[in-house]
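Under numbering that gives the first Met the number 0, the residues of the sequence shown are numbered 0 to 129, in order.
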Amino acid sequence: MEHTYKTSPSHALRLRCQLVLLKADGRTSQDVGRVVGLCHVSVSSWTKRHREAGLEGLKTKPGRGRKPRLAVAQDEAAVRAAVQSNRQRITLAKAAWEAQRASGSPAVGRDTFCAFLKALVADSNASVAG
Numbered sequence: 000m001e002h003t004y005k006t007s008p009s010h011a012l013r014l015r016c017q018l019v020l021l022k023a024d025g026r027t028s029q030d031v032g033r034v035v036g037l038c039h040v041s042v043s044s045w046t047k048r049h050r051e052a053g054l055e056g057l058k059t060k061p062g063r064g065r066k067p068r069l070a071v072a073q074d075e076a077a078v079r080a081a082v083q084s085n086r087q088r089i090t091l092a093k094a095a096w097e098a099q100r101a102s103g104s105p106a107v108g109r110d111t112f113c114a115f116l117k118a119l120v121a122d123s124n125a126s127v128a129g
């Protein structure tokens, strides 16, 4: 537990390990909550999950969080084609891609589009290097 608390790249997991360690020292849920910045109900909930499932119970379950608006499997080819035809103008590439998208698809902002392009480039670089 202490190893995970000190080395995990996940801030949420480190926080949950910290609260379990503090509870193991005999502190109250209210006291632990003040230290880690959670309410005592959340502290008790995470402590219960740890008792029932161990370290795995402290990990964030899959499917939590905001879902991506762009999916590599569905949008990669169309985005690459739009960027190829408008290499110097990201706004025009985004507009060309949006014109090809199905109506009713959620709107995507410029920053989201740019982040998706960065992820594509990073994936391409990783596959070439690896």
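All C-beta atoms in this analysis are idealised placements derived from N, C-alpha and C, irrespective of residue type, glycine included.
Through-space distance from residue j to residue i, alpha-carbon basis
| i | j | result |
| --- | --- | --- |
| Thr46 | Lys117 | 39 Å |
| Ser44 | Pro8 | 22 Å |
| Asp30 | Leu54 | 22 Å |
| Ala80 | His2 | 46 Å |
| Ser41 | Glu51 | 15 Å |
| Glu97 | Gly62 | 27 Å |
| Val34 | Pro105 | 40 Å |
| Ser28 | Leu18 | 9 Å |
| Gly32 | Arg26 | 10 Å |
8 Å contact criterion, which residue i and residue j should meet: CB distance rounded
| i | j | result |
| --- | --- | --- |
| Leu12 | Lys66 | About 21 Å separates the two Cβ atoms, so there is no contact after all. |
| Leu21 | Met0 | Not confirmed; about 11 Å, so no contact. |
| Asn85 | Ala72 | That belief does not hold up - the Cβ atoms of Asn85 and Ala72 are roughly 23 Å apart, past 8 Å. |
Buried versus exposed, by CB contacts within 10 Å (16 or more), residue i
| i | result |
| --- | --- |
| Cys16 | buried |
| Gly108 | exposed |
| Ala92 | buried |
Under 9 Å between C-beta atoms of residue i and residue j
| i | j | result |
| --- | --- | --- |
| Val78 | Leu69 | yes |
| Gly36 | Arg48 | no |
| Phe112 | Ile89 | yes |
| Leu14 | Glu75 | no |
> Which runs of the alpha helix (DSSP H) spanning at least 4 residues fall entirely within the region 35-84, listed in chain order?
Replying inline: Taking 4 residues as the minimum length, the alpha helix (DSSP H) runs contained wholly in the region 35-84 are 39-52, 71-84, in order along the chain.
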